[in-house]
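Using our numbering, the letters of the sequence shown correspond one by one to residues 47 to 720. Okay, structure first, notes after.
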Amino acid sequence: EQKRRLVEETVFETSSASLSDTLRVSVRGQRYREPTLLEERRRLLSFLQNEGYAAVSRDSIRAVVYQVAPDSFDVTLRVRTGPRYRFGDVRFEATGPATEPPRYDTLSVAVDTTGGGHPQVTSRIADNGHLDPSILRRSLQFTPGSYYDQSAVQATKRRLEDTGVFSFTDLSPQYDEATRVDTTGAAYLPLRIEGRTRQRHRVQAETFALQRESVGGTDANPRLNEFGVGLSGVYENANAFGGGETFRFRTSASVATGLDSMLVSSNQFEASTSLVLPYLVRPFRSLDRTFDLTNARTRISLTGLTALRSDLGLRIRSRVNARLRLEMDHTPTQSSLVDIMDLSVSNPDTLDQFSRKFLDRVFGPGGGDLQDPVQRQQILEDYTEPQINTAFRYTYRFATANPLRRQSGHIYEVSGEVGNALPLLFDRFVFAPDTLDYTLPPLFGAAGGLTGRLLYRPYVRGSVDLRRYVPLGPGATLGIKLFGGMSHPTARPTVVPFDRRFFSGGANSVRGWRLRELGPGEGLPFDTTASVQGGPSNILGGDIKLESSIEVRTMLIQSFLAARWVGATFLDAGNVWFGPRNEGFGRDESGRDSGGQNSRAVQQEDARDGHFRGFESLLDVGVGAGAGIRLEWEYLVVRLDLAYRLHDPSPRNDDVFADDFSGPLLHFGIGQAF
């Protein structure tokens with residue numbers, strides 16, 4: 047079996063093979079290259095180390111090349127494997143920053159006794175009275191007594207380091223202590239695991255800057271960009287319960303203002319706590335062995351927020367989010383994220399100025415411009431009603447690109463979720479079995495004249511995000527992004543929750559438009575867009591999103607101000623649309639036209655209404671292009687992009703080919719656009 051795998055996994059393109067005492071493979075039509083020989087040596091080295099030959103090294107494999115014809119070579123690979131080993135005793139030695147007497151333990155773990163031996167796993171922990179030796183038992187990725195496997199040793203090292211407890215780890219075989227049970231079997235090779243723990247408690251204070259694009263700006267008062275500062279404090283316990291569990295508590299406060307005013311437009315206070323366990327909690331612990339995971343974590347988090355938007359007359363009394371997530375790494379580049387429960391509860395409250403500062407911008411003064419009752423009710427619910435949302439979500443991620451520079455490789459992500467199934471079950475079978483009104487009893491009590499009942503909307507949602515980075519030469523990269531997503535209501539409500547809809551436009555989307563400004567479809571009906579002072583900001587979102595981007599990045603200056611200066615040209619295209627059940631810009635549920643006038647009825651029938659209608663909707667795609675510059679430091683990328691609209695699908699037709707083109711947009715961002 048070893049011979050067969052040794053031949054089948056070769057890097058050479060073989061035409062035939064012989065599995066006799068001397069392994070022979072025939073290679074036809076493959077050019078001689080020394081790097082190919084070096085790659086084959088690396089493969090042989092890894093293969094042998096994972097099959098028990100722990101002492102094999104690069105010097106153990108030598109290639110002898112014979113010229114048998116003017117254009118042909120025979121190659122003989124001479125391998126001295128050395129003895130084959132089994133895992134022997136495992137000795138774990140950990141030291142900490144404190145001053146405490148050492149503790150000795152013998153761990154109970156499964157042992158392979160087929161070789162006649164019975165290895166033990168022991169621990170010595172000094173100067174750290176809180177560390178539990180069970181952290182080693184959970185991190186072991188091999189069975190003592192089995193044949194030595196270097197990949198399992200490396201996996202054990204990764205598990206120990208990923209707990210965050212150790213500042214240093216070292217795993218070293220003790221060749222001079224190898225023992226044999228008999229003269230015919232493999233020797234037992236002890237393994238010494240050394241670790242130094244870091245400080246358990248950490249307290250940190252930091253300041254930060256923020257940028258936020260707000261909804262509801264006007265041409266006369268374009269407060270679309272807010273800039274602010276904040277202060278945060280963090281407490282972290284790197285080993286909360288002794289097994290590598292990390293507890294973190296963070297609080298932050300921030301204030302922001304628009305570019306057009308020195309007055310504070312919003313302030314926010316947020317507190318979050320999280321507990322990261324370096325293992326899967328029950329009843330999911332068996333998934334680790336079932337899928338042969340390289341690493342596994344459980345993340346439990348709780349976040350609370352309160353905010354005041356003075357510029358909109360809106361106050362968020364409280365917004366709470368709780369999440370239980372399983373993080374499973376299949377390989378170093380492939381992972382699965384499973385949100386067993388993602389729960390959020392929001393309690394907004396309107397101030398006296400909310401109607402003047404926000405609703406008048408959206409509905410028009412007096413509410414006379416946006417008459418569609420479905421659309422009006424949707425906006426009011428999104429911004430004024432207490433809501434509860436729950437979700438079960440699965441995300442698969444395959445990433446080989448550097449998350450900061452993104453000069454080569456790819457990032458593929460597929461996600462699917464089912465939302466608000468739990469509130470639906472409680473509503474149907476617990477709180478009101480005889481009626482189903484898609485609300486739950488209040489948690490906060492009535493506020494602002496509202497009932498206080500928690501609104502929920504059942505839905506399903508899925509998305510695919512594909513990003514690839516192709517090197518074009520020294521200092522040049524081609525980036526390509528394709529995104530598609532859809533959300534769909536699954537019960538009587540015809541819309542999905544506000545934060546589970548899709549939006550288009552902004553610094554990381556179609557850059558010819560401001561944040562959330564593009565769509566749905568052609569955008570707001572022409573008469574509404576023209577008369578609403580709030581401008582074209584898409585406050586409704588969409589149920590379907592298609593988006594693509596292509597960007598060429600070229601290095602301009604290798605080093606200036608300690609940063610690499612990279613130029614970029616880009617082309618973005620995309621939009622969002624209403625789904626089949628969304629009322630959109632069309633008629634209300636009674637079938638009557640929203641505006642109540644014949645001229646408007648004709649207009650709504652003739653114009654596209656923001657719904658996705660297959661290939662026909664591709665005419666509604668917004669296209670933008672431009673150029674920018676990136677300043678790349680070692681741990682930070684700052685980005686400036688200047689974008690133009692090449693095709694504006696809205697009735698305003700505000701693109702470079704229009705007579706009243708409003709000009710380019712400047713975007714500032716942190717990190718790459720995609």
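By construction, the Cβ of each residue, glycine as well, lies at the ideal position given by its N, Cα and C atoms.
In the three-state reduction of the DSSP assignment, alanine 673 falls in the strand class. Following the DSSP letters along the chain, one finds threonine 523 inside the beta strand (DSSP E) bounded by residues 522-535. The beta-carbon separation of arginine 557 and glycine 672, rounded to 6 Å, stays under the 8 Å limit for a contact. For alanine 201, the enclosing alpha helix (DSSP H) covers residues 196-208. For aspartate 705, there is no enclosing beta strand (DSSP E), as DSSP gives it neither H nor E.
Every beta strand (DSSP E) stretch that sits fully inside the stretch 102-177 and reaches 3 residues is listed by chain position as 107-115, 118-125, 131-141, 149-153, 167-172.
Glutamate 597 places its beta carbon 8 Å or farther from that of glycine 521. In this model, arginine 443 and aspartate 511 are separated by some 10 Å (Cα to Cα). Beyond the five residues adjoining it in sequence on each side, glutamate 146 comes within less than 6 Å, by CB distance, of Asp173, Gly175 in the same chain, given in chain order. Taking C-beta atoms as the reference points, glycine 630 and glycine 656 count as a pair closer than 8 Å. Secondary-structure assignment with DSSP links asparagine 285 through no beta bridge to anything. Distance from arginine 335 to isoleucine 239 at the Cβ level is roughly 21 Å; contact not present, criterion being Cβ atoms closer than 8 Å. The shortest CA-to-CA distance from valine 227 to any of Val102, Leu586, Asp151, Pro165 is the one to Pro165.
With contacts defined as CB atoms closer than 8 Å, tyrosine 131 and alanine 224 qualify as a contacting pair.
Contact check for leucine 486 against proline 469 passes: the beta carbons are separated by less than 8 Å. In the assembly as shown, glutamine 433 is a buried residue. Its beta-carbon has 16 or more other beta-carbons within 10 Å. In this structure, Asn621 is the residue among Asp706, Asn621, Val683 with its C-alpha nearest to the C-alpha of serine 594. In the three-state scheme derived from DSSP, where H, G and I count as helix and E and B as strand, phenylalanine 472 is classed as helix. DSSP lists Glu463, Ser533 as the beta-bridge partner residues of arginine 507. Within the same chain, Cβ atoms closer than 6 Å to the Cβ of phenylalanine 658 are found at Ile590, Trp623, the five residues on either side in sequence being excluded. DSSP places serine 92 in the helix class (H, G or I) of the three-state scheme.
With a 10 Å radius around the Cβ and a threshold of 16 neighbouring Cβ atoms, glutamate 252 comes out exposed.
Within the same chain, Cβ atoms closer than 6 Å to the Cβ of alanine 255 are found at Val275, the five residues on either side in sequence being excluded. Judged by DSSP in its simplified three-state form, arginine 183 adopts helix. Here the C-alpha atom of serine 218 lies approximately 9 Å from the C-alpha atom of valine 199. Non-local C-beta neighbours of valine 310 in its own chain, meaning closer than 8 Å and more than five positions away in sequence, comprise Val301, Ala302, Thr303, Ser356, ordered along the chain. Nearest to glutamate 316 by alpha-carbon distance, out of Tyr193, Gly350, Tyr515, is Gly350. Under the DSSP assignment, threonine 615 falls outside any alpha helix (DSSP H), being part of the beta strand (DSSP E) whose first and last residues are 609-623. Annotation: the continuous beta strand (DSSP E) that includes arginine 242 extends over 233-243. In this structure, alanine 437 sits away from aspartate 480, with a CB-CB distance that is not shorter than 8 Å.
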